[in-house]
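>
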Amino acid sequence: MNTRYLLLMAFFAPLAQADDNSPAYSQCMDNASSTVAMSSCIQAETQLQDQRLNRVYKQLATKLDAGPQKSLRDVQRQWIAYRDANCKFHVQASGGTMAQLEGGMCVLDMTRERAAELERVLSPGQ
0 MNTRYLLLMA FFAPLAQADD NSPAYSQCMD NASSTVAMSS CIQAETQLQD QRLNRVYKQL
60 ATKLDAGPQK SLRDVQRQWI AYRDANCKFH VQASGGTMAQ LEGGMCVLDM TRERAAELER
120 VLSPGQ
């Protein structure tokens, strides 16, 4: 059990330090002493990153003309479908105890990265 926990921490610790994660997430992961606690940290951060993504999506959509706005909506729907299918695959491929953490990290990482991508489109060069 301790070896498995150490492997989990070694795998997820660098991810917890990513620049776009909230300080609360980093602190939560630093204090997590079980996979259940880590999963809770991941879920809370995913919720924050999803709010960030929704906020920047709305800001970008209001900035665009009708044609590009429709393209953004279509691409975002396709991205959501891809994210969900990709993360489902990660869960299936991982199996065992790690599966749910792997799936949660997949959703978190992809959501955070998509929010950052849309922020770059909204404010190029920043």
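Letter 72 of the sequence shown, counting from 1, is numbered 71 in numbering that gives the first Met the number 0, and no numbers are missing.
Beta carbons are placed, not taken as given, at the ideal position from N, Cα and C, and that holds for glycine.
Note that this is a predicted model, so its numbers are computed, not measured.
State the Cα-Cα distance for the pair TYR56 and SER21, rounded to the nearest angstrom.
Cα to Cα, TYR56 sits roughly 19 Å from SER21.
> Do LEU59 and LEU117 have their beta-carbon atoms positioned less than 8 Å apart in this structure?
Cβ distance < 8 Å, so LEU117 and LEU59 count as in contact.
> How long is the line joining the alpha carbons of SER33 and GLU101, rounded to whole angstroms?
Going by the C-alpha atoms only, they are around 14 Å apart.
> Taking THR45 as part of the alpha helix (DSSP H), name the residues at either end of that continuous run.
Segment 34–62, the alpha helix (DSSP H) holding THR45.
> Determine the DSSP secondary structure at PRO22, reduced to helix, strand or coil.
Looking at PRO22 - three-state DSSP - the assignment turns out to be helix.
> Please classify THR110 as buried or exposed, where buried requires at least 16 neighbouring CB atoms within 10 angstroms.
Its Cβ being crowded by 16 or more others within 10 Å, THR110 is buried.
> Return helix, strand or coil for THR96, following the three-state DSSP convention.
Note: THR96 maps to coil in three-state DSSP.
> Considering only their Cβ atoms, is the gap separating ARG76 from VAL106 smaller than 8 Å?
Not a contact, by the Cβ cut-off of 8 Å.
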